[in-house]
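Input: a single structure, listed below in structure tokens.
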Amino acid sequence: MDLDQLNETACAMVAPGKGILAADESTGTIGKRFVSIGLDNTPDNRRDWREMLFRTEMAMKEHVSGVILYDETIRQSAKDGTTLVQLIRNAGAIPGIKVDTGAKALAGAEGETVTEGLDGLRDRLADYYELGARFAKWRAVINIGQNGDDSVPSQYCINVNMHALARYAALCQEANIVPIVEPEVIMDGNHSIERCYEVTEFALKTLYRELFDQGVVLEGTILKPNMVISGTTADDRAGIEEVADMTVQCLANCVPAAVPGIAFLSGGQSDEEATAHLNAMNASYDLPWPLTFSYGRALQAAPLKAWAGKAENVAAGQAAFNHRARMNGLASLGEWDAAMEKETA
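Under my numbering, the residue at position 309 of the sequence shown is numbered 952, and the numbers go up by one with no gaps.
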């Protein structure tokens, strides 16, 4: 393990004004997004979509520090034969890779899941390193019980998921790959922001205990958490300032200062909602780590709609991507304002 290399990569991933593009949708997930624009889910269409994003010069060079790829994508080449990994490098960004194999039903715990993918991971990481990946991602999925059901998540679910995240992280560092640890507390449901805080705190404290126990060096990691936020169907959803305040409180109580940075997932928030929450945290608080974004849909929904799978719309798709990347880059500095959303890229 080369700690200097790991720390240098981790710091570059959270460079000022930049964040991470999560382009690691599985073949099934991206197919669902293509349905919205009437596009067939083929390898060529998936390549064309991602090539368009990676060739968006302003967004990639000025506001994207790294790109999380899927197994197919890290092996693909653009139409001109340039590998997609090289397109990312050409823009000055860092290629990364999703390595988990998804959340599966957790035996003996109805309604809860455990993320799988540890089998053979050491060999896969060595392969991904050779292909150019310098960081990786593993997502744990934590559901919150509804209608006052405090039995979900169970301690069993939290323990097995955080243990797996730490095992993954240790294997990544052994391979000189920075692990993004992503314990996502799902925002679906009618739970309050207070309940989200409780569950997120429980998950994060357990995660850092496991990382310590398994010898993971925090200076060579990145945290990708959910924001502390009301459930999507809650009767009285918390506003932007309350989300920012409670998220910062939770992180301050749980995350060691040694962590180089925190890159939030958007977790089903609208584009502007995710940007506004990130901005409020950076504008109002002095924190030991940079707070930035690691967004998928919140960066891609607008360009996907503008592109619509048509070659003649590439410029429109790239303009939409430039705009969303710029908005989130400003939010990562606490310099975004809602009026900026009306500006063109």
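In this text, a Cβ means the ideal position worked out from N, Cα and C, and glycines have one as well.
If you're wondering where the values come from, they're calculated on a predicted model, not measured in any experiment.
Measure the Cβ-Cβ separation of residue 682 and residue 939 and say whether it is below 8 Å. Against a cut-off of 8 Å, the Cβ pair of residue 939 and residue 682 comes out as no contact.
Span separating the alpha-carbon of residue 897 from that of residue 915: Just so you know, the alpha carbons of residue 897 and residue 915 end up roughly 27 Å apart.
Could you say which of 970, 977, 985 and 962 lies nearest to residue 695 if we only look at CA atoms? Nearest of 970, 977, 985 and 962 to residue 695, Cα basis: 962.
Would you decide whether residue 727 is buried or exposed? Buried here means 16 or more other CB atoms lie within 10 Å of its CB. Buried is the call here.
Would you kindly check if the distance between the Cβ of residue 904 and the Cβ of residue 660 is under 8 Å? No.
Using 8 Å as the threshold, is the segment 921-928 in touch with the segment 872-882, meaning 3 or more CB pairs across them? No, the segment 921-928 does not touch the segment 872-882.
Which residues in the same chain have their Cβ closer than 6 Å to the Cβ of residue 911, if we skip the five residues on either side of it in sequence? Within the same chain, residue 911 has close Cβ partners 830.
Nearest candidate by alpha-carbon position, reference residue 922, set 792, 886, 730 and 711: Nearest C-alpha to residue 922: 886.
Less than 8 Å between the C-beta atoms of residue 785 and residue 841, yes or no? Cβ atoms of residue 785 and residue 841: not closer than 8 Å.
Can you tell me whether residue 621 is buried or exposed? The criterion is at least 16 other CB atoms within 10 Å of its CB, across all chains shown. In the structure as shown, the chain starts at 644 and stops at 988, and residue 621 therefore has no counterpart that could be examined.
I need the straight-line Cα distance from residue 764 to residue 801, nearest angstrom please. If I take the Cα positions, the gap works out to 21 Å.
Relative to the C-alpha of residue 734, which candidate in 723, 704 and 725 has its C-alpha closest? The shortest Cα separation from residue 734 among 723, 704 and 725 belongs to 704.
With 16 other CB atoms within 10 Å as the buried threshold, where does residue 964 fall? Taking every protein chain shown into account, the CB of residue 964 has 16 or more other CB atoms within 10 angstroms, so this residue is buried.
Taking the Cβ atom as the reference point for each residue, do residue 821 and residue 850 lie within a distance shorter than 8 Å? No.
Taking three-plus beta-carbon pairs below 8 Å as touching, is the segment 780-796 in contact with the segment 730-750? A contact exists between the segment 780-796 and the segment 730-750.
Note the first and the last residue of the continuous beta strand (DSSP E) segment covering residue 685. Counting along the chain, no beta strand (DSSP E) covers residue 685, and no H or E run does either.
Classify residue 686: buried if its beta carbon has 16 or more other beta carbons within 10 angstroms, exposed otherwise. With fewer than 16 other Cβ atoms inside 10 Å of its own Cβ, residue 686 counts as exposed.
What beta strand (DSSP E) runs, 3 residues minimum, are completely inside the segment 650-714? Taken in chain order, the complete beta strand (DSSP E) segments of 3 residues or longer contained in the segment 650-714 are 662-665 and 707-712.
Give the straight-line distance between the Cα atoms of residue 653 and residue 792, rounded to the nearest whole angstrom. The straight-line gap from Cα to Cα measures roughly 38 Å.
Near residue 667, which residues of its chain fall below 7 Å by C-beta distance, leaving aside the five closest residues on each side in sequence? Here the set comprises 711, 712, 713, 741 and 780.
Quick one: Cα of residue 790 to Cα of residue 806, how far? Cα-Cα distance, rounded: 28 Å.
Whose C-beta lies closer than 7 Å to the C-beta of residue 957 among residues of the same chain, with five residues either side of it excluded? Annotation for residue 957: 695 and 950 place their beta carbon closer than 7 Å to its own, counting only its chain and skipping 5 residues before and after.
What are the start and end residues of the beta strand (DSSP E) that includes residue 1075? Residue 1075 is absent from the model: the chain starts at 644 and stops at 988.
Backbone secondary structure at residue 756 - three-state DSSP: In the structure shown, residue 756 adopts extended strand secondary structure according to DSSP, grouped into three states.
Quick one, which of 933, 913, 974 and 955 has its alpha-carbon nearest residue 944's? It is 913 whose Cα lies nearest to the Cα of residue 944.
Report the partner residues of residue 781 according to the DSSP bridge assignment. DSSP lists 824 as partners of residue 781.
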